[in-house]
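Participant: Sequential numbering from 1 applies to the sequence shown in the UniProt record's numbering. Below: one structure in C-alpha cells.
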Amino acid sequence: METKKQFFLECYQLGIIKFGKFTLKSGIESPFYVDLRPLASDPKILKHLANYLLEMLPLDNFDVICGVPYAALPMATAMSLESYIPLIIKRKEAKSYGTKKLIEGIYKKGQNCLLVEDVITSGKSLLETIPEIENEGITVSDIVVVLDRQQGGKEMLEEKGYNVHTLFNITEVCEMLSEENLLMDDEIARIKDFLEGNIVKFEKRTRKSYEEKNKETQHHISQKLINIAIAKKSNLIASADVLTTSELLSLAEKVGPNIVALKTHIDIITDFDYEKTIVPLLEIAKRHDFLLMEDRKFADIGNTQELQYSYGIYRISSWADLVTSQVIGGYAAMEYFLNSGIVAILGMSSKGTLTDNHYRNEAEKIAIEHPNIIGGVCQNEISDSLLLFTPGVNLATAGDGKGQQYNTPEHVFKNLHSDFIIVGRGIYKADDAEKASLEYKIAGWNAYLASL
Ligand code: 5BU
C-alpha cells in the first residue's frame, strides 16, 4: 500500500507544482505555482486521488457531489464513480437559452451537496460558487480540497460554518519535496516568507557558462571536458552499464559522436581483458573525441585508493580521464589520483540516501579546496567553482523500481545549475542507442542554453 507521500510524489512527477517566480491573477508575485489539471490525464492517479479524498469524508452525509469548474470536474466525477454518490454539474455561466439552469443533473431541493475543489487560496471562488448551489435549494455542508495554498481560504470558510477537508497543504508539500532533495532550502524559505504575507525577494540566481567555468578552472581535465562540450554542443555523459566488452565497444561507437564522456563501471565487464577492452576503447574515445570516466567510487584510505587506482587488472590510472571518489576518507585520501580529474560523490540520487545536508556540505568543502577534485556528483546545487555532474536523468520515466529517482534535463540545468548530465538506461536500453544519445544531447544542450 503506498503512503500519502508516495502518492504525492507520483502526482508531483506530472508537473502539478512549479517553483520560481509567478505572477498570480491578483498581480502578486508567488514563489510557486499550482495546476492540478494534469492529474485528470492519468487515470490511475485520478482514481487513487478520488479514493484518498473520499477516505477523509463522512460519506453518509451527502446526497450529491459537485465539482467547482473546471479543474475539479474530473475529480468530482471520479469520486462519484468510486462512491456511487450522484454527480451534479455546475456551469460556469448559465445558458443564455433553454432552461437557463446553472446546475445540471438530477437533484431535489433539500439535498446536501459535497463540493469538490482542486486548490484553495483565498477561498473567494468557492464563496462565489456556494450561493449558486444554495440558490437551487441544495445545502452545502462540506468542501473537500486537494491542495491548500494556506493563504487563509480554509479558515475563512470554516468561520462561515463549512467543514473544509484538505488532502495536502503547501507546508507538507515543501517538507516532502525537501526530504526527497527536490526543493532547495532557499526556495522553502521564500515560500515560508510568502505564506507569512511578506514581500518575497527574488534574487536572480545566475549560473556560470562553460566559457566562464573554463576561464576559472586550473585543472587540465576540466578544460579538456569543457572544450569538448563547447565544440560538440553536448553536455551528455553516457553511462555504459553493460556487461561485456563487445557491448561496451559497440555502445561507445554508437554514442561517441554525441557525448563528452563515457562513464564506465569497469568491474561489471565479465570478459574484461586490458588489451581487448581498454585498448580499443581508448581508440574509439580518441576518434570520437570523448573522455573516459570510471565510476569507481573509491571509498578507502589514501594508500589503498592509490593501489586500487593503479594496480589490479583494471589499471584505472592508465586510461581514465576522470574517476569518481567518495570523500569519506577525508582530504588527504584524495591526494593519490594523479592522472585523472576527481569527481567527488557529494549527494546520491537513490531513495533514502544518507547524503544529507550536513554530509553534503562537509564533502563539498573538501571538493572546493582540493586541487585534484574538479567537480561533484550531486542532486543539489553546489558551489559554482566546481563542475556539477548529475546522474538520475531520464526523459521517459520517474524511477526504476529499485530506488533510482529520475529528473528531467530542464530541472537539473535550471534549478541545480548542472554542467553535465549522466544518462544510463535512457540510452543503452533504448532500441536505438545512437538515436537516444542524440535526443539526450539535444535536450541537455537546449536545457543548458535555457538555464543561462
Ligand atoms: P541510469 O540507468 O540512468 O539510472 O544510470 C545512472 C548511472 O549513474 C549508474 O551508473 C549509477 O551507478 C550512476 N549514479 C547514479 O545513478 N546516482 C548517483 O547518485 C551516483 C551514480 Br553517485
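From the three backbone atoms N, C-alpha and C, an ideal C-beta is built for every residue, glycine too. Just so it is clear, the structure is predicted and the values come from calculations on it, not from any experiment.
Going by the DSSP bridge assignment, what does I266 pair with across the sheet?
Facilitator: According to DSSP, I266 bridges with nothing at all.
Participant: Would S383 be called buried (16 or more neighbouring beta carbons within 10 Å of its own) or exposed?
Facilitator: Flag for S383 reads exposed.
Participant: How close, in whole Å, do the beta carbons of A320 and E294 come, if the pair is a contact with beta carbons under 8 Å?
Facilitator: Between E294 and A320 the Cβ distance is about 4 Å, and since that is below 8 Å, they are a contact.
Participant: If you draw a straight line from the C-alpha of I237 to the C-alpha of Q13, how long is it?
Facilitator: Distance between the alpha carbons of I237 and Q13 is about 24 Å.
Participant: With a cut-off of 8 Å on the beta carbons, I'd call V68 and L126 a contact; round off their distance for me.
Facilitator: V68 to L126, Cβ: 7 Å. Contact.
Participant: What's the gap between the Cα of I88 and the Cα of C66?
Facilitator: So the alpha carbons of these two residues sit roughly 5 Å apart.
Participant: Take L338 as the anchor and find which of T324, M348, S350 has the nearest alpha-carbon.
Facilitator: When only C-alpha atoms are compared, the closest one is T324.
Participant: Can M293 be considered in contact with the ligand 5BU, in the sense that its beta carbon sits closer than 8 Å to one or more heavy atoms?
Facilitator: No - the ligand 5BU has no heavy atom lying nearer than 8 Å to the Cβ of M293.
Participant: Just the C-alpha distance for I316 and Y309, rounded to the nearest angstrom, thanks.
Facilitator: Cα to Cα, I316 sits roughly 5 Å from Y309.
Participant: Are any of the Cβ atoms in chain B nearer than 9 Å to that of P391?
Facilitator: Of the protein chains in the structure, only one exists, and it is not chain B.
Participant: Would you kindly report the start and end of the unbroken beta strand (DSSP E) that includes C66?
Facilitator: From DSSP, the beta strand (DSSP E) with C66 extends over 64 to 67.
Participant: Compute the Euclidean distance between the alpha carbons of L73 and S418, then round it to the nearest angstrom.
Facilitator: Taking the straight line joining both Cα atoms gives about 39 Å.
Participant: In this structure, how does DSSP classify C378 when only helix, strand and coil are distinguished?
Facilitator: Coil at C378, not helix or strand.
Participant: Under 7 Å Cβ to Cβ from G424, same chain only, skipping five residues before and after it: list those, please.
Facilitator: Excluding sequence neighbours, G424 sits near S239, D241.
Participant: In this structure, what does DSSP give as the bridge partners for F168?
Facilitator: According to DSSP, F168 bridges with L147.
Participant: Pull up the distance between the alpha-carbon of G392 and that of A447, whole angstroms please.
Facilitator: C-alpha separation (whole angstroms): 16 Å.
Participant: Enumerated in chain order, which unbroken segments of the alpha helix (DSSP H) with a length of 4 residues or greater are wholly contained in the region 175 to 205?
Facilitator: Complete alpha helix (DSSP H) runs here, min 4: 185 to 195.
Participant: Would you say I120 touches the ligand 5BU, meaning its beta carbon is less than 8 Å from a heavy atom?
Facilitator: Not under cutoff, so the answer is no.
Participant: For a test of the three-state rule: what should DSSP assign to V255, helix, strand or coil?
Facilitator: Helix.
Participant: Does the region 327 to 343 come close enough to the region 362 to 377 that 3 or more CB-CB pairs lie under 8 Å?
Facilitator: With a cut-off of 8 Å, the region 327 to 343 and the region 362 to 377 count as touching, because enough Cβ pairs lie within range.
Participant: Here's the rule: buried if 16 or more other CB atoms are within 10 angstroms of the residue's CB, otherwise exposed. What is E364?
Facilitator: Looking at its Cβ environment, which holds 16 or more other Cβ atoms inside 10 Å, E364 is buried.
Participant: Unbroken beta strand (DSSP E) runs of length 3 or more, entirely within the region 341 to 374: which are they?
Facilitator: Runs of the beta strand (DSSP E) inside the region 341 to 374: 341 to 345.
Participant: Express the C-alpha separation of K215 and A344 in angstroms, rounding to a whole number.
Facilitator: Approximately 21 Å, taken between the alpha carbons.
Participant: Between the region 100 to 114 and the region 55 to 65, do at least 3 Cβ pairs fall closer than 8 Å?
Facilitator: Segments in contact, yes.
Participant: Here's a check: name, in chain order, each residue in its chain whose Cβ is nearer than 7 Å to the Cβ of G399, leaving out the five neighbours to either side.
Facilitator: The answer, listed in chain order, is Q405, Y406.
Participant: So is the beta-carbon of T408 under 8 Å away from any non-hydrogen atom of the ligand 5BU?
Facilitator: For the ligand 5BU, not one heavy atom lies less than 8 Å from the Cβ of T408.
Participant: Alpha carbon to alpha carbon, how far is I226 from G444?
Facilitator: When rounded, the distance between both Cα atoms is 14 Å.
Participant: Assign A320 to one of three DSSP states: helix, strand, or coil.
Facilitator: A320: coil per DSSP, three-state reduction.
Participant: Can you tell me which residues form a DSSP beta bridge with M334?
Facilitator: Answer by DSSP bridge pairing: none, since M334 is not bridged.
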